[in-house]
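Asker: Numbering (our numbering), first residue to last: 41 to 262.
One structure, pasted below without further comment.
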């Protein structure tokens with residue numbers, strides 16, 4: 041079953057087969073062809089919901105911060121409101137359609153700024169059992185300090201991180217810390233006893249988007 045559902049300005053492509061025991065919500069910058077999503081559903085045995093149409097710059101930022109690169113509009117820090125929208129509107133409406141098992145396991149997958157959001161929300165609520173952050177924007181102003189100062193909550197699920205080897209060599213100086221900060225986050229979570237997998241792969245921030253998404257599904261659902 042594959043269908044499109046619009047929820048408060050968001051576009052959700054939903055695909056699942058059989059009894060749905062696991063759902064992966066993918067916060068993605070562009071639509072993914074339905075046939076690609078259906079192949080991943082069949083391959084990994086998980087319902088998939090690809091969510092697009094977000095105000096990418098703002099709804100994934102956990103607090104207000106200066107724009108990057110310099111001169112870009114400032115980030116508005118609307119992540120708390122977007123998390124509430126996901127919890128109160130998106131998940132209930134999607135799962136009313138997919139009719140998952142009562143003990144459904146939810147995973148949140150993010151890319152770039154939504155990869156930052158995936159980890160941030162995991163630290164503040166139990167809505168999603170697992171997360172995947174692909175090229176997460178861990179250069180974000182103050183995020184490294186926020187992670188170091190937090191008590192890591194207990195988690196029984198898995199966290200998957202992927203980063204391109206060239207991402208720390210950006211022409212934008214602010215992005216250079218992403219490799220160091222990602223490694224630091226992986227170390228913090230591992231030390232807290234969380235099941236973490238971290239892959240460094242060839243390429244830059246924009247390389248191989250669908251193969252990288254497949255890597256996350258393979259790590260989480262094989």
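Positions of the beta carbon are idealized from the N, C-alpha and C atoms, including for glycine.
Below 7 Å CB to CB, which residues in the same chain sit around residue 229 once its five sequence neighbours on both sides are set aside?
Answerer: Correct list, in chain order: 192, 199 and 236.
Asker: Do you know offhand how far residue 117's Cα is from residue 152's?
Answerer: Each residue's alpha carbon lies about 15 Å from the other.
Asker: First and last residue of the alpha helix (DSSP H) that includes residue 134?
Answerer: Start and end: 131 to 138.
Asker: From 84, 73 and 165, pick the residue whose C-alpha is nearest to that of residue 124; which is it?
Answerer: Of 84, 73 and 165, the residue nearest in Cα terms is 165.
Asker: Terminal residues of the continuous beta strand (DSSP E) containing residue 91?
Answerer: Here the beta strand (DSSP E) through residue 91 covers 87 to 92.
Asker: With a CB to CB cut of under 6 Å and the five nearest residues on each side skipped, what residues in its chain are close to residue 162?
Answerer: Excluding residues within five positions, the ones whose Cβ falls inside 6 Å are 171.
Asker: Could you name the residues that DSSP lists as bridge partners for residue 165?
Answerer: Answer by DSSP bridge pairing: none, since residue 165 is not bridged.
Asker: What is the residue span of the beta strand (DSSP E) that residue 265 lies within?
Answerer: Residue 265 is absent from the structure shown; the chain starts at 41 and stops at 262.
Asker: Fully enclosed by the segment 54 to 79, which beta strand (DSSP E) runs are 3 residues long or longer?
Answerer: Complete beta strand (DSSP E) runs here, min 3: 62 to 67.
Asker: Per DSSP, what kind of secondary structure is residue 151 in: helix, strand or coil?
Answerer: Here residue 151 sits in strand by DSSP.
Asker: Return the chain-ordered list of same chain residues with a C-beta closer than 8 Å to the C-beta of residue 144, the five sequence neighbours on each side being excluded.
Answerer: Taken in chain order, the residues that qualify are 60, 61, 62, 63 and 135.
Asker: Residue 132 and residue 119: beta carbons closer than 8 Å?
Answerer: Contact: no.
Asker: Are the segment 79 to 94 and the segment 104 to 114 touching, with three or more C-beta to C-beta distances below 8 Å?
Answerer: Output reads no: the segment 104 to 114 does not touch the segment 79 to 94.
Asker: Specify, as a first and last residue, the run of the alpha helix (DSSP H) that residue 14 falls within.
Answerer: Absent from the structure is residue 14, since the part of the chain shown begins at 41 and ends at 262.
Asker: To the nearest angstrom, how far is it from the Cα of residue 75 to the Cα of residue 189?
Answerer: Using only the alpha carbons, I get a separation of about 43 Å.
Asker: Can residue 86 and residue 53 be called in contact, C-beta distance under 8 Å?
Answerer: No, the Cβ-Cβ distance between residue 86 and residue 53 is not below 8 Å.
Asker: Would you call the segment 237 to 250 and the segment 43 to 52 touching, i.e. three or more CB-CB distances under 8 Å?
Answerer: Output reads no: the segment 43 to 52 does not touch the segment 237 to 250.
Asker: Would you check if the distance between the CB atom of residue 66 and the CB atom of residue 149 is smaller than 8 Å?
Answerer: Contact: yes.
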